[in-house]
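Asker: My questions will all concern the structure given below.
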């Protein structure tokens, strides 16, 4: 599902990169820390206005990294607005006034990404920045205009993120499958061993076991989650996945609607109108995780504007026919069918993949469930993290009954 990243020490302390640059987050009073409550602090939904301190910091970043006309305008002429929907990072659209003419290839508007509460570690941030730059050079992602400890400036692509219900569109699902196949086919200068998933989930598990909440609403939700005996459950999950063959490829690890852009300048009838973005979780990993994670995202809508700021519908998990449609388009794009395979061999390969991806969907639920529990403690982004964690683990146990 989502996104975020501070060293293990920083995460344990509950610190945020935002604090280092004194950027206020939207609706900080209603964040998910111990000092705040839950739904009652969001009677009007999401925060929509940018405060003056944040605008000043954003103005400084744009002046320093973009220069040109960005350096010539006064702060009062600088335009900034919140881009909602980020669950790991704070996103802003920064623009020059309409009357200002850009110099040469200078951008008229950019996306400012401020890293949220960091769980992945500084090393992960460095790797993600390298990856972002590589994909930009290959025209597979937005251009990179500036990078700094608190975040980065990116090309703003005229586009819209997919909506959850669009994942079920057969044409779009086929194109997403092909994009994932191309992503998996890339060779990246990173560690090729599939260590990321196990190391990250194990680290999250250790952090969750050390968490303490003080507000009654959060204590009750946390205690309910811990009744699942997550430590023992995780051991069973690792045993199951060890017995589930899945090739190692370069995975996106977060192919959810908010990370799939539909580009505005594409002909609706043409191919290639989608672009995968946001690579902070990308790594070499087992193929099944990318598939299973994407299928889990069919359940969740993160655009809901009232607490807990998401909706779920377990019935939207793709059925067998929808999964096969995705798998077949993936295999066709990646030449993944065995050479000279007949209909029976292809059917057998597809059945094996169905089991593979649905078992790895369990890992997706576990990953984002633990992630969300930690976010409930350290993040100030407006989102019902503990509610989301409960939803992910409920989906985990439902899925487990079907594929174990």
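Numbering (this note's numbering), first residue to last: 237 to 640. The beta carbon of each residue, even a glycine, is placed where N, CA and C say it ideally should be.
Spatial neighbours of residue 299 within its chain, please: CB distance less than 7 Å, with the 5 preceding and 5 following residues excluded, ordered by chain position.
Answerer: Cβ neighbours of residue 299 beyond the five flanking positions: 306 and 307.
Asker: For residue 335, count the other beta carbons within 10 Å of its own beta carbon; 16 or more makes it buried, fewer makes it exposed. Which is it?
Answerer: Exposed: under 16 other Cβ atoms inside 10 Å.
Asker: What do you get for residue 521, buried or exposed, if any count of 16 or more other CB atoms within 10 angstroms of its CB means buried?
Answerer: With 16 or more other Cβ atoms within 10 Å, it is buried.
Asker: Can you tell me the Cα-Cα spacing of residue 527 and residue 557, whole angstroms?
Answerer: Each residue's alpha carbon lies about 15 Å from the other.
Asker: Check whether the stretch 451-461 touches the stretch 606-623, counting contact only when three or more Cβ pairs, one atom from each stretch, lie closer than 8 Å.
Answerer: Verdict: yes, contact present.
Asker: Are the beta-carbon atoms of residue 535 and residue 550 separated by less than 7 Å?
Answerer: For residue 535 and residue 550, yes; Cβs fall inside 7 Å.
Asker: Is residue 519 helix, strand or coil by DSSP?
Answerer: Strand, per DSSP.
Asker: As a quick exercise: from 485, 621, 509 and 552, pick the residue whose alpha carbon is nearest that of residue 424.
Answerer: Ranking 485, 621, 509 and 552 by Cα distance to residue 424 puts 485 first.
Asker: Any idea what DSSP makes of residue 532, helix, strand or coil?
Answerer: In the structure shown, residue 532 sits in a helix (DSSP, three-state: H, G or I).
Asker: Using a 10 Å radius around the Cβ and a threshold of 16 neighbouring Cβ atoms, would you call residue 411 buried or exposed?
Answerer: Residue 411 should be labelled buried.
Asker: Cα separation between residue 540 and residue 317?
Answerer: About 19 Å.
Asker: Give the DSSP-derived three-state secondary structure of residue 328 in the structure shown.
Answerer: Residue 328: strand per DSSP, three-state reduction.
Asker: What distance in whole Å lies between the Cβ atoms of residue 360 and residue 383, which are believed to be in contact at a cut-off of 8 Å?
Answerer: In fact, because the Cβ distance is near 14 Å, the residues do not count as touching under 8 Å.
Asker: Using CA atoms only, rank isn't needed, just tell me which of 404, 469 and 575 is closest to residue 552.
Answerer: Cα-wise, what sits closest to residue 552 is 404.
Asker: At the level of alpha carbons, what is the spacing between residue 620 and residue 578?
Answerer: Rounded to whole angstroms, residue 620 to residue 578 spans 49 Å at the Cα level.
Asker: Apply the 10 Å Cβ neighbour rule to residue 303 and answer buried if 16 or more other Cβ atoms are within range, or exposed otherwise.
Answerer: Under this definition residue 303 is an exposed residue.
Asker: Quick one: residues in its chain with C-beta nearer than 8 Å to the C-beta of residue 476, no 5 flanking neighbours on either side, listed in chain order?
Answerer: Result list for residue 476: 595, 598 and 640, in chain order.
Asker: Reducing DSSP to helix, strand and coil, say where residue 484 ends up.
Answerer: Residue state, collapsed to three classes: strand.
Asker: Output needed for residue 602: all residues of its chain with C-beta closer than 7 Å, excluding positions within five of it in sequence on either side, in chain order.
Answerer: Cβ within range, chain order: 437, 470, 473 and 632.
Asker: Is it true that the CB of residue 348 sits closer than 7 Å to the CB of residue 389?
Answerer: Against a cut-off of 7 Å, the Cβ pair of residue 348 and residue 389 comes out as a contact.
Asker: Would you kindly check if the distance between the Cβ of residue 329 and the Cβ of residue 319 is under 7 Å?
Answerer: Yes, the pair counts as a contact, with Cβ atoms nearer than the cut-off.
Asker: Return the residue from the list 580, 429 and 342 that minimises the CA-CA distance to residue 301.
Answerer: Nearest option by C-alpha distance: 342.
Asker: Here's the rule: buried if 16 or more other CB atoms are within 10 angstroms of the residue's CB, otherwise exposed. What is residue 497?
Answerer: The residue in question, residue 497, is buried, as its Cβ has 16 or more Cβ neighbours within 10 Å.
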